[in-house]
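Colleague:
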Amino acid sequence: MCGIFAVINDQEKKAAEKTFFGLQLLEYRGYDSWGIVAKKEKDQLYIKKDIGKLPSTKPLFPSSAIALGHTRWATHGGIKLINSHPHWDCQKKIFVVHNGIIENYQLLKKSLLKKGHRFFSETDSEIVAHLFEDELKKITLKHSDKKFINQLKKTAEEIFGKITGLNAFIIFLPDFDLLLAFKNSSPIVFGIKNQQFYLASDSNALAEYTQKVYFLEDHELLIISNNHYFLFDKEKRLKSPQFLTLNVKKNALSLGKFPHFLIKEIHEQPKIINQILENQKEEIKNLALKIKQSYGNYFIGCGTAFYAALSGTYLFSKIAHRHTNAAVASEFSYLVDFLTPKSLVIALSQSGETIDIISSVKKIKEHGAKVFAITNVLGSTLYRMADYKILLNAGPEKAVVATKSFTAKIAILILLAYALKNNQENGPKNLKKAVGEIEKILKNKSKIKQLAEKIKNKEHVFILGRGLSYPVALETALKIKEVSYLHTEGFAAGELKHGVIALIEKETPVIVYNPEDETYEDTLSSAFEVKSRGGYLIGISSKPNSVYDEFIKVENCQEANLLPYAVIGQLLGYYLAILLKRDPDKPRNLAKSVTVK
Numbered sequence: 001m002c003g004i005f006a007v008i009n010d011q012e013k014k015a016a017e018k019t020f021f022g023l024q025l026l027e028y029r030g031y032d033s034w035g036i037v038a039k040k041e042k043d044q045l046y047i048k049k050d051i052g053k054l055p056s057t058k059p060l061f062p063s064s065a066i067a068l069g070h071t072r073w074a075t076h077g078g079i080k081l082i083n084s085h086p087h088w089d090c091q092k093k094i095f096v097v098h099n100g101i102i103e104n105y106q107l108l109k110k111s112l113l114k115k116g117h118r119f120f121s122e123t124d125s126e127i128v129a130h131l132f133e134d135e136l137k138k139i140t141l142k143h144s145d146k147k148f149i150n151q152l153k154k155t156a157e158e159i160f161g162k163i164t165g166l167n168a169f170i171i172f173l174p175d176f177d178l179l180l181a182f183k184n185s186s187p188i189v190f191g192i193k194n195q196q197f198y199l200a201s202d203s204n205a206l207a208e209y210t211q212k213v214y215f216l217e218d219h220e221l222l223i224i225s226n227n228h229y230f231l232f233d234k235e236k237r238l239k240s241p242q243f244l245t246l247n248v249k250k251n252a253l254s255l256g257k258f259p260h261f262l263i264k265e266i267h268e269q270p271k272i273i274n275q276i277l278e279n280q281k282e283e284i285k286n287l288a289l290k291i292k293q294s295y296g297n298y299f300i301g302c303g304t305a306f307y308a309a310l311s312g313t314y315l316f317s318k319i320a321h322r323h324t325n326a327a328v329a330s331e332f333s334y335l336v337d338f339l340t341p342k343s344l345v346i347a348l349s350q351s352g353e354t355i356d357i358i359s360s361v362k363k364i365k366e367h368g369a370k371v372f373a374i375t376n377v378l379g380s381t382l383y384r385m386a387d388y389k390i391l392l393n394a395g396p397e398k399a400v401v402a403t404k405s406f407t408a409k410i411a412i413l414i415l416l417a418y419a420l421k422n423n424q425e426n427g428p429k430n431l432k433k434a435v436g437e438i439e440k441i442l443k444n445k446s447k448i449k450q451l452a453e454k455i456k457n458k459e460h461v462f463i464l465g466r467g468l469s470y471p472v473a474l475e476t477a478l479k480i481k482e483v484s485y486l487h488t489e490g491f492a493a494g495e496l497k498h499g500v501i502a503l504i505e506k507e508t509p510v511i512v513y514n515p516e517d518e519t520y521e522d523t524l525s526s527a528f529e530v531k532s533r534g535g536y537l538i539g540i541s542s543k544p545n546s547v548y549d550e551f552i553k554v555e556n557c558q559e560a561n562l563l564p565y566a567v568i569g570q571l572l573g574y575y576l577a578i579l580l581k582r583d584p585d586k587p588r589n590l591a592k593s594v595t596v597k
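Residues 1 to 597 (our numbering) are what the sequence shown spells out, left to right.
1. Taking the alpha-carbon of Q269 as reference, which of E397, L23, S349 and S185 has the nearest alpha-carbon?
2. Does the beta carbon of T340 fall short of 7 Å from some heavy atom of the ligand GTP?
3. What ranges does the beta strand (DSSP E) occupy inside the stretch 281-364, keeping only unbroken runs of at least 3 residues that lie completely in it?
4. Between which two residues does the alpha helix (DSSP H) carrying V128 extend?
5. G3 and I36: beta carbons closer than 8 Å?
6. Give the secondary structure of A181 by DSSP, where H, G and I count as helix, E and B as strand, and everything else as coil.
7. Can you tell me which of A434, L112, M385 and E516 puts its alpha carbon nearest to the alpha carbon of A408?
8. At which residues does the alpha helix (DSSP H) containing R237 begin and terminate?
9. Does the stretch 560-569 come within contact of the stretch 432-447, defined as at least 3 CB pairs closer than 8 Å?
10. Quick one: give me the first and last residue of the beta strand (DSSP E) that N279 is part of.
11. State the beta-bridge partners of D50 as determined by DSSP.
12. Considering only the beta carbon of each residue, do V345 and I284 sit closer than 8 Å?
13. Check for me: the alpha helix (DSSP H) holding E157 runs from which residue to which?
14. What three-state label does DSSP hand E634 in the structure shown?
15. Does any CB atom of chain B fall closer than 8 Å to the CB of F462?
16. Can you tell which of D387, I374, A577 and M385 has the C-alpha that lies nearest to the C-alpha of N393?
17. Measuring straight from C-alpha to C-alpha, what distance separates S240 and Q11?
18. Tell me which residues share the same chain as P215 and place their Cβ nearer than 6 Å to its Cβ, disregarding the 5 neighbours each side in the sequence.
19. So what's S111 in DSSP terms, helix, strand or just coil?
20. Among the candidates G165, L178 and N227, whose CA atom is the shortest distance from the CA of K193?
21. In or out: H30 buried (at least 16 other Cβ within 10 Å) or exposed?
22. Using the Cα positions of S330 and G100, report the straight-line distance between them to the nearest angstrom.
23. Run through DSSP, which three-state label would N426 get?
24. For V567, report the span of its alpha helix (DSSP H) as first-last.
25. What are the start and end residues of the alpha helix (DSSP H) that includes I410?
26. With a CB to CB cut of under 7 Å and the five nearest residues on each side skipped, what residues in its chain are close to H460?
27. What residue from D32, I8 and F20 has the CA that sits closest to K586's CA?
28. For G534, count neighbouring C-beta atoms within 10 Å of its own C-beta (all shown protein chains included) and say buried if the count is 16 or more, exposed if not.
29. Alpha helix (DSSP H) containing K3: first to last residue?
30. Determine the closest residue to G494 out of A477, T519 and I480, with distance taken between C-alpha atoms.
31. I'd like the span of the alpha helix (DSSP H) that includes L221, first residue to last.
32. Restricting to runs no shorter than 3 residues, where is the beta strand (DSSP E) found entirely within the stretch 491-561?
33. Considering only DSSP beta bridges, list what R72 is partnered with.
34. Going by beta-carbon coordinates alone, are K94 and W88 separated by less than 8 Å?
35. Compare the C-alpha of D522 against each of Y536, K497 and E505 and name the closest.
36. Pull the bridge partners of K39 from the DSSP assignment, please.
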């Protein structure tokens, strides 16, 4: 969940500046603290660390050809300057940045302390610098010696072999002008252009400098010098990387006319849904055939992706009359014993790097089941591991909270459900109508801003829905609490009287998603129950009713109601965050792409 960026052999001598810019693009992955180390001319080092977010104006950086940087999301050790990366050894000659958790760090640290090593932080990450300090003393060859790389490879393999856990490391050896990269589950992407080399924890950060990238596989070791690189596979053999070409537009990473990435990405959703309709019809048809040929289907996801997965169970049942189960990915690894080689697990993830998804997929494949990935990132770990895959093509999602990736997943699931039914007309028709409703909502979003003003100081907010509206009630609650920090809960409306109603007081805001489908009358009854306890009712439906204190009209789009309903929740969360003076792009304690357990 940390941002990592490095540059080596920068011909413009702007490695530190480029690293800072790369960290800005990665800040959604961690913003508790940040740090950069660079090698200046005459072998001097530049080290800059700070607590909190990166400054909006870049510091004055020295000229440098090699630099390494990091933005931190704290795990081991508090948010203090001493715990910010990069970390170094006793002699300040070895620097390390790290993403993940070293599970056996206490044991390793105890051994290093006995050898006289001095530690400067409370982190697990720092031990790696000291482990290298111990082992590099044994290398007597000069840097120019051809055998040096092999000795360094052997040293790195021994060190990383001692470490348990899911991690990504980049080691900077300024005395040798070298970078080493190693990963196990946590991502590292290698980019190259004109003999300039880049490393990052997310391919989007490389788009400014190169579109030619390679995603390191687990247990691969990459050693980069000023003019060469050496990639070793998990069997310790030299390997030629197969580079991919990214298709990331630079302007996709900028705010443009918008004040925040969250509101920008909310506005991008109609275009993305239309692109799915225009470009992915045949792909969806082929993937539907794979689902038909399987026996036993399961959806998994984390956070917003899980709510999309849960929506999938309703969509597949209602439209295609096909039974599926949905599970939180972090729990699914405890439920894999019933999988068979005929099973197909549909894994949803924006980044394709979420550790709970990746861990579950590894266990799924051990049982011989197939994996169908719905993800947004070409070349991501999930993308590479999956037997079948479809890209969301939603573009980079820079705000920490998910918006356009959720609606893209729902759009694909609706089309898949209709393809399973051999009906590829109603799906597009309903989605096109939903796009029109989203565009209306975005044009008239001042009404949602006014609603946010009315409820911003309330202690609790509750969201109710039934059937297909239940997952979107959960997702709306997540959006509001993520960015505004208001206590918000989503519930199946039928569960209201089984305990939740005890929390309803006078003027408690309750949002009710109530489409004109088979759930309409029952949900309306729940609304009256809330009203009789003094709740402040906000109805979202195609049909007004006197029970609602506030009403937002959304024309009936059948199953695609999920999409405009989700956008209303996103906008409400955004405006609550603005009114409460929260950062909508970087909420406290959260980070994009959760790569630690």
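Even glycine gets a Cβ: it sits at the ideal position worked out from N, Cα and C.
Modeller: Reading off the structure:
1. The residue labelled residue 269 in the question sits at position 269 within the sequence shown. Ranking the options by Cα distance to Q269, first place goes to E397.
2. Because no ligand of any kind appears in the structure shown, any question about the ligand GTP cannot be addressed here.
3. 297-301, 324-328 and 344-349
4. What you label residue 128 is simply residue 128 of the sequence shown in a count that begins at 1. From DSSP, the alpha helix (DSSP H) with V128 extends over E126 to L136.
5. For this step, residue 3 is matched to residue 3 along the sequence shown. For this step, residue 36 is matched to residue 36 along the sequence shown. Contact flag unset, no.
6. For this step, residue 181 is matched to residue 181 along the sequence shown. Three-state DSSP puts A181 in a strand.
7. To locate residue 408, count along the sequence shown from 1; it is residue 408. For the residues A434, L112, M385 and E516, the minimum Cα distance to A408 belongs to A434.
8. Locating residue 237 in the sequence shown gives position 237, counting from the first residue. Counting along the chain, R237 falls outside any alpha helix (DSSP H), and DSSP gives it neither H nor E.
9. yes
10. Here residue 279 corresponds to residue number 279 of the sequence shown, with the count starting at 1. Segment Q269 to N279 is the alpha helix (DSSP H) holding N279; no beta strand (DSSP E) there.
11. Mapped onto the sequence shown, residue 50 falls at position 50. DSSP output for D50 lists W34 as bridge partner(s).
12. Taking the first residue of the sequence shown as position 1, residue 345 is located at position 345. Taking the first residue of the sequence shown as position 1, residue 284 is located at position 284. Contact: no.
13. Start at 1 with the first residue of the sequence shown, and residue 157 comes out as number 157. Residues K147 to K162.
14. This structure leaves residue 634 out entirely; the chain is present only between 1 and 597.
15. Judged by its chain identifiers, the structure shown contains no chain B, having just a single protein chain.
16. Within the sequence shown, the letter at position 393 stands for residue 393. Comparing Cα positions, the closest option is I374.
17. For this step, residue 240 is matched to residue 240 along the sequence shown. For this step, residue 11 is matched to residue 11 along the sequence shown. If I take the Cα positions, the gap works out to 24 Å.
18. The residue you call residue 215 lines up with position 215 of the sequence shown. A small correction: the amino acid at residue 215 is Phe; Pro does not occupy that position in the sequence shown. Taken in chain order, the residues that qualify are V189 and G379.
19. The sequence position of residue 111 within the sequence shown is 111, counting from 1. The answer is helix: DSSP assigns S111 an H, G or I state.
20. As a working note, residue 193 is residue 193 in the sequence shown. Among G165, L178 and N227, the Cα nearest to that of K193 is on N227.
21. The residue labelled residue 30 in the question sits at position 30 within the sequence shown. Here residue 30 is Gly; the residue named in the question, His, does not match the sequence. With 16 or more Cβ atoms within 10 Å of its Cβ, G30 is classed as buried.
22. Taking the first residue of the sequence shown as 1, we reach residue 330 at position 330. Taking the first residue of the sequence shown as 1, we reach residue 100 at position 100. Roughly 16 Å separates the two Cα atoms.
23. What you label residue 426 is simply residue 426 of the sequence shown in a count that begins at 1. Here N426 sits in helix by DSSP.
24. In the sequence shown, the residue the question calls residue 567 occupies position 567. From DSSP, the alpha helix (DSSP H) with V567 extends over L562 to L579.
25. Looking up residue 410 in the sequence shown gives position 410. Segment K404 to L420, the alpha helix (DSSP H) holding I410.
26. Within the sequence shown, the letter at position 460 stands for residue 460. Here the set comprises H487, L503 and T508.
27. Here residue 586 corresponds to residue number 586 of the sequence shown, with the count starting at 1. For the residues D32, I8 and F20, the minimum Cα distance to K586 belongs to D32.
28. Within the sequence shown, residue 534 is the residue found at index 534, counting from 1. Result: exposed.
29. For the purposes of this step, residue 3 is taken as the residue at position 3 of the sequence shown. It should be pointed out that residue 3 corresponds to Gly in this sequence rather than to Lys. Run containing G3: none in the alpha helix (DSSP H); it sits in the beta strand (DSSP E), G3 to I8.
30. Indexing the sequence shown from 1 puts residue 494 at position 494. Nearest C-alpha to G494: T519.
31. Along the sequence shown, read from residue 1 onward, the residue named residue 221 stands at position 221. No alpha helix (DSSP H) contains L221, which is instead part of the beta strand (DSSP E) from L221 to I224.
32. 509-513, 536-541 and 550-553
33. Position 72 of the sequence shown holds residue 72. DSSP lists S33 as partners of R72.
34. Walking along the sequence shown from the start, residue 94 turns up at place 94. Walking along the sequence shown from the start, residue 88 turns up at place 88. Note that residue 94 is Ile in the sequence shown, not Lys. Yes; because the gap between Cβ atoms is below 8 Å, this pair is in contact.
35. Locating residue 522 in the sequence shown gives position 522, counting from the first residue. Selected option, being the one with the closest Cα: K497.
36. Stepping through the sequence shown from its first residue, residue 39 is reached at position 39. DSSP, once it has assigned bridges, lists L45 and I66 as partnering K39.
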